[in-house]
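J.: Residue numbers (full-length UniProt numbering): 1 to 165. For each residue, glycine too, the CB sits at the ideal point set by N, CA and C. Please read through the structure below; I'll follow up with questions.
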Amino acid sequence: MAQTKRTIKKYPNRRLYDTEISSYITLEEVRQLVLDNEDFEVRDAKTGEDLTRSVLLQIISEHEDKGQPMLSPQLLSQIIRFYGDSLQGFMGPYLERSLQVFLDQQTQFRSQLNNLMGQTPWNTLNDLTERNLAAFQALQRGLMDTAAKVIPTPGASSRGGKKSG
């Protein structure tokens, strides 16, 4: 069964309507579709024009304005310089391949790290915490045993005590 592409209609009032769930959605919900690897397109409700790229660029722009930006002004300037350049047609595919290589390497690195450390970094942290706790408990037992040997318990005979007489 072939899965159809989800259609989101953009109205003149800039509202986005998800035809699959028959409801208006926010730009953040469109971002979540991207994160969930949903196959979708954004179409102008009146003309049917494909606005997917424009909406995705809007999401990037909003996230670049928040927090720590990923795209430096120098990088953005360099990208702008490629528009109209004879190499413009090569730039998009080059960036896509470069990003895919980066993602593949990231996946491989995470896999190797997980194999090295167990299932997840949390497992390693939990194991370390358990070992530290066991060592601390052993230290406490040792101190209590030593203290019990050094400090006489009440009612026990002591050395150099009273003379009987």
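For the alpha helix (DSSP H) holding E28, just list the boundary residues, first then last.
T.: 27-35
J.: Counting only the same chain and skipping the five closest in sequence on each side, list residues whose C-beta sits under 8 Å from that of E64.
T.: M70, L71
J.: Tell me which same chain residues have a C-beta within less than 6 Å of the C-beta of Y24, skipping the five on either side of it?
T.: R15, Y17
J.: Measure the C-alpha to C-alpha separation of Q32 and S77 and round it to an integer number of angstroms.
T.: 28 Å
J.: Using DSSP bridges, identify the partner residues of E41.
T.: T7
J.: For I21, tell me which candidate among T7, G89, K46 has the shortest Cα-Cα distance.
T.: T7
J.: In chain order, what residues of the same chain lie with their CB nearer than 7 Å to the CB of F82, ignoring the 5 residues before and after it?
T.: Q88, M91
J.: Helix, strand or coil, according to DSSP, for L16 in the structure here?
T.: strand
J.: My parser needs the alpha helix (DSSP H) runs of 4 or more residues fully inside the stretch 71-137; what are they?
T.: 73-82, 88-117
J.: Using DSSP with H/G/I as helix, E/B as strand and the rest coil, what is S23?
T.: Reduced to three states, the DSSP call for S23 is strand.
J.: Could you tell me the alpha carbon to alpha carbon distance between N13 and G67, rounded to whole angstroms?
T.: Rounded to the nearest whole angstrom, the C-alpha separation of N13 and G67 is 28 Å.
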